[in-house]
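In full-length UniProt numbering, the protein residues as written are 1 to 353.
Ideal Cβ placement from N, Cα and C applies to all residues, glycine included.
In what follows, a structure is listed as structure tokens, so that the remarks can point back to it.
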Amino acid sequence: MVSRRRVLLGLLGLSLVRAQGIRVEEVVGGLEVPWALAFLPDGSFLVSERPGRIQWVQGGRASLYAELRVYHRGESGLLGLALHPQFPREPYLYAYRTVEEGSLRNQVVRLRHQGNRGVLDRVVLDGIPARSHGLHSGGRLAFGPDGMLYVTTGEVYERELAQDLSSLGGKVLRITPEGKPAPGNPFLNRSGARPEIYSYGHRNPQGLAWHPRTGELFASEHGPSGEQGFGHDEVNVIVAGGNYGWPRVVGWGNDPRYRNPLHFWPEGFPPGNLAFWRGDLYVAGLRGQALLRLVLEGDKGNWRVARVETALSGFGRLREVQVGPDGALYVTTSNRDGRGQVRPNDDKVLRLR
Numbered sequence: 001m002v003s004r005r006r007v008l009l010g011l012l013g014l015s016l017v018r019a020q021g022i023r024v025e026e027v028v029g030g031l032e033v034p035w036a037l038a039f040l041p042d043g044s045f046l047v048s049e050r051p052g053r054i055q056w057v058q059g060g061r062a063s064l065y066a067e068l069r070v071y072h073r074g075e076s077g078l079l080g081l082a083l084h085p086q087f088p089r090e091p092y093l094y095a096y097r098t099v100e101e102g103s104l105r106n107q108v109v110r111l112r113h114q115g116n117r118g119v120l121d122r123v124v125l126d127g128i129p130a131r132s133h134g135l136h137s138g139g140r141l142a143f144g145p146d147g148m149l150y151v152t153t154g155e156v157y158e159r160e161l162a163q164d165l166s167s168l169g170g171k172v173l174r175i176t177p178e179g180k181p182a183p184g185n186p187f188l189n190r191s192g193a194r195p196e197i198y199s200y201g202h203r204n205p206q207g208l209a210w211h212p213r214t215g216e217l218f219a220s221e222h223g224p225s226g227e228q229g230f231g232h233d234e235v236n237v238i239v240a241g242g243n244y245g246w247p248r249v250v251g252w253g254n255d256p257r258y259r260n261p262l263h264f265w266p267e268g269f270p271p272g273n274l275a276f277w278r279g280d281l282y283v284a285g286l287r288g289q290a291l292l293r294l295v296l297e298g299d300k301g302n303w304r305v306a307r308v309e310t311a312l313s314g315f316g317r318l319r320e321v322q323v324g325p326d327g328a329l330y331v332t333t334s335n336r337d338g339r340g341q342v343r344p345n346d347d348k349v350l351r352l353r
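Below, the structure written as structure tokens:
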């Protein structure tokens, strides 16, 4: 029997959807911890499931596209996806995974698209820190307007890794599609520093999105809930070489050595991905169990958040948010990740129009 609380949450979600003038449709359900979406040119999409599968969703039906060996524990496993920007001329899909082959680590791999399946092609970037507890693995992949691949990595609960330029942990990385350090990276010629690093001082960055007009990179990041204070999950504007402070600073430190966040939640709103849609920035919430709309004011290099609104709730934990080729906003639930209340037909991909 459906609980009264679940009914009330569902009604709340529907009322919020109507208030924002948004319609919600379930595209596909029955997924297991979907983490990232990658849209193909025909409007179908690939979705990663953290236990190690990639599903291909066409016409509302999912079929197995690839299965990768992963170390699936805690927050680790198969995480981000990104399609090569020149697909299908360059028939590659990139994925972020945790593996235990000789040593435990995270890596970026490339799959070749062959008909109706993806075949593992090669490891693009290896040696990203991972730990047996499986926490703080980062994992978001996205190609930027410059054609380079951006990768978010966590500091695996070893806080000082975020400040250590000889480590790939706690960073935003920028590499070529072949896995080389991208031209123009800020630490290419710095002795002892990893040349793949684009920004550092991150705890567990989870999302990447570029402003559609200015081209600036925005990122979402988990704050130190239960570790050093509580909450302070962030949205940051990422600049080359920027130090975002963890673990020296939490929230706004007003210290010129570190970049202040654009926005943070003092009480905690652990975010998933974020996306620009119809002029505003949308952030998916895991423990916050809502999709938030951040209305920005200002211009390049001088943004502020004018107001924050709830655009969607009532579906539980939300992880992925991305704009599809049809102009709709796609959101995934994450209720089967061991931290949520599983609802009928979870986990789902939702379409917002």
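Cα-Cα separation, residue i to residue j
| i | j | result |
| --- | --- | --- |
| F264 | P224 | 12 Å |
| E216 | P85 | 18 Å |
| P212 | F276 | 7 Å |
| E221 | G231 | 11 Å |
| K180 | V172 | 15 Å |
| R317 | S76 | 17 Å |
| L141 | E267 | 27 Å |
| D126 | P205 | 18 Å |
| L83 | L208 | 15 Å |
| E178 | V124 | 6 Å |
| L312 | L292 | 7 Å |
| G154 | G59 | 35 Å |
| G324 | F39 | 7 Å |
| S132 | L104 | 7 Å |
| R287 | N254 | 28 Å |
| R257 | G340 | 38 Å |
| R194 | V27 | 41 Å |
| A162 | H202 | 6 Å |
| T176 | A95 | 14 Å |
| L262 | V156 | 24 Å |
| L93 | R190 | 31 Å |
Opposing strand residues paired with residue i [DSSP bridges]
| i | result |
| --- | --- |
| V172 | T152 and S199 |
| R117 | Q114 |
| G207 | S220 |
| P261 | P261 pairs with nothing; no bridge assigned. |
Where residue i falls: helix, strand or coil (DSSP)
| i | result |
| --- | --- |
| L161 | helix |
| W252 | coil |
| G43 | coil |
| S63 | strand |
| K348 | coil |
| I238 | strand |
| D146 | coil |
| T214 | coil |
| E320 | strand |
| R343 | coil |
| E309 | strand |
| S137 | coil |
| D326 | coil |
| L188 | coil |
| Y94 | strand |
| G129 | The displayed chain sequence assigns Pro, not Gly, to residue 129. P129 falls in the strand class under three-state DSSP. |
Whole-angstrom C-beta distance between residue j and residue i, which should lie under 8 Å
| i | j | result |
| --- | --- | --- |
| D346 | R336 | 6 Å |
| Q55 | S63 | 7 Å |
| Q322 | N243 | Contact doesn't hold; Cβ gap of about 28 Å is too wide. |
| R73 | G134 | 4 Å |
| L165 | Y200 | 6 Å |
| V70 | R97 | 5 Å |
Any chain D beta carbon closer than 8 Å to residue i
| i | result |
| --- | --- |
| Q163 | Reference to chain D is not applicable here, since this structure consists of a single protein chain. |
Residue i: CB within 7 Å of a non-hydrogen atom of the ligand MN
| i | result |
| --- | --- |
| L294 | In the structure shown, the ligand MN is absent, as is every other ligand, since no ligand is present at all. |
*Could you tell me which uninterrupted beta strand (DSSP E) segments, each at least 3 residues in length, are contained entirely in the region 263-307, listed from first to last along the chain?*
263-265, 271-277, 280-285 and 290-299
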